[in-house]
Amino acid sequence: RKEVEQDPGPFNVPEGATVAFNCTYSNSASQSFFWYRQDCRKEPKLLMSVYSSGNEDGRFTAQLNRASQYISLLIRDSKLSDSATYLCVVNEGGKLIFGQGTELSVKP
Amino acid sequence: DGGITQSPKYLFRKEGQNVTLSCEQNLNHDAMYWYRQDPGQGLRLIYYSQIVNDFQKGDIAEGYSVSREKKESFPLTVTSAQKNPTAFYLCASTGTPAIDTQYFGPGTRLTVL
Chain A
6 RKEVEQDPGP
16 FNVPEGATVA
26 FNCTYSNSAS
36 QSFFWYRQDC
46 RKEPKLLMSV
56 YSSGNEDGRF
66 TAQLNRASQY
76 ISLLIRDSKL
86 SDSATYLCVV
96 NEGGKLIFGQ
106 GTELSVKP
Chain B
2 DGGITQSPKY
12 LFRKEGQNVT
22 LSCEQNLNHD
32 AMYWYRQDPG
42 QGLRLIYYSQ
52 IVNDFQKGDI
62 AEGYSVSREK
72 KESFPLTVTS
82 AQKNPTAFYL
92 CASTGTPAID
102 TQYFGPGTRL
112 TVL
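Sequences listed follow chains A and B, in order.
All residue numbers for the first sequence refer to the numbering used here, where the first residue is 6 and numbers rise by one.
All residue numbers for the second sequence refer to the numbering used here, where the first residue is 2 and numbers rise by one.
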């Protein structure tokens, strides 16, 4: 089993759609969790941290379920500019473990 | 402006040559990391350093070497022993490895001819 596993993509959605990405992790001792966004041929950039209570930043909502070892990212009212690869990332004792990424393509 | 810089952006190398990728940060971060990314794949850790003059192997260290003589700098050498070096190389840093996230440089795209 992969340490961090994400939904396989790509996701192709129309503008305005709501899209959800899911991620599971294998190490129950993992301490912190993040979603990164990576544009084509660019470096990953932090989108948001994920807290147990859930957190929201504008159109983006992240949830963490420690019991199920599950992380999610919800994007509402998707924009063309949201097209990118979304990486689920888990911090295991100072070492970041990256999922393989889920590609999102938002179409007009 | 605080940040991480990597150079060069694109690098071409002939087989059998060593090449060194530069990574510099002015964020005053103690920890620095090197990753490799292949098309359609996630990032894999090559080496990391949590303090000056100390570094550890990551998951795919074979064929690579690093040094950490200054807090700001963490150069990566891709040696001729690395069998498949063509990839996108990313450098990152963080202030508190146990809980913080990492911030990435713009990357170096290495192609072996």
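For each residue, glycine too, the CB sits at the ideal point set by N, CA and C.
Since we're looking at a predicted model, the values are computed, not measured.
Residue i - DSSP class collapsed to helix/strand/coil
{"i": "residue 28 (chain B)", "result": "coil"}
{"i": "residue 87 (chain A)", "result": "helix"}
{"i": "residue 136 (chain B)", "result": "This structure gives no information on residue 136 (chain B), because the portion of chain B shown stretches from 2 to 114."}
{"i": "residue 19 (chain A)", "result": "strand"}
Where the beta strand (DSSP E) through residue i begins and ends
{"i": "residue 67 (chain A)", "result": "65–70"}
{"i": "residue 49 (chain A)", "result": "49–55"}
{"i": "residue 28 (chain A)", "result": "24–30"}
Contacts around residue i, its chain only, beta-carbon distance under 6 Å, and the 5 residues preceding and following it disregarded
{"i": "residue 21 (chain B)", "result": "76 and 78"}
{"i": "residue 110 (chain B)", "result": "11 and 89"}
Contacting residues, own chain, Cβ-Cβ under 7 Å from residue i (five flanking each side not counted)
{"i": "residue 16 (chain B)", "result": "113"}
{"i": "residue 29 (chain A)", "result": "10, 74 and 75"}
{"i": "residue 93 (chain A)", "result": "9, 11, 28, 40, 76 and 104"}
{"i": "residue 52 (chain B)", "result": "31"}
{"i": "residue 113 (chain A)", "result": "20 and 85"}
Backbone CA spacing between residue i and residue j [nearest angstrom]
{"i": "residue 16 (chain A)", "j": "residue 70 (chain B)", "result": "44 Å"}
{"i": "residue 58 (chain B)", "j": "residue 46 (chain A)", "result": "26 Å"}
{"i": "residue 72 (chain B)", "j": "residue 42 (chain A)", "result": "27 Å"}
{"i": "residue 23 (chain A)", "j": "residue 87 (chain A)", "result": "11 Å"}
{"i": "residue 27 (chain B)", "j": "residue 43 (chain B)", "result": "26 Å"}
{"i": "residue 14 (chain A)", "j": "residue 41 (chain B)", "result": "11 Å"}
Neighbourhood of residue i by C-beta distance below 8 Å, restricted to the same chain and skipping five residues each side
{"i": "residue 83 (chain B)", "result": "63, 64 and 65"}
Unbroken stretches of the beta strand (DSSP E), 3 residues or longer, contained in the region 58–92 of chain B:
65–67 and 77–79
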